[in-house]
Amino acid sequence: MAADKGQSGQCIAVYEGHSHLVSSVAFSPDGEAIASGSQDQTVRIWNAKTGECARVLIAKRLYEGMKLMGVKGLTEATIATLQTLGAIV
494 MAADKGQSGQ CIAVYEGHSH LVSSVAFSPD GEAIASGSQD QTVRIWNAKT GECARVLIAK
554 RLYEGMKLMG VKGLTEATIA TLQTLGAIV
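Numbers in the numbering used here are just positions in the sequence shown, counted from 1, shifted up by 493.
Put into structure tokens, the structure is as follows:
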């Protein structure tokens, strides 16, 4: 993940740690921390000034343990995806 300087596009910081695409970023109200969410199923909390990762939160699979038996109209691809995400189909 990289931070740039607005319109100039000059890179001012690089935050390394996620193993997949970063899909969301938010700053703390005081500007001291940055939270980034990734498709690697983690949220990382960064020190905004140093770029150091202060904490890693690991998300459970989205549908872990959810029972979807008897649901009609699901394609084989959808069933496979739901199972990968932890659903019981």
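Just so you know, even glycine gets a beta-carbon here, dropped at the ideal spot from N, CA and C. Every value quoted in this text rests on a predicted model; they were computed, and no experiment measured them.
- In terms of CA proximity to G524, A541 leads the group A541, A552 and H513.
- Judged by DSSP in its simplified three-state form, A547 adopts strand.
- Rounded to whole angstroms, the separation of the alpha carbons of V582 and Q576 is 7 Å.
- Minimum Cα-Cα distance from V549 among the listed residues T568, A570, I527 and L561 corresponds to I527.
- With three or more CB-CB distances shorter than 8 Å, the stretch 506–517 counts as touching the stretch 529–545.
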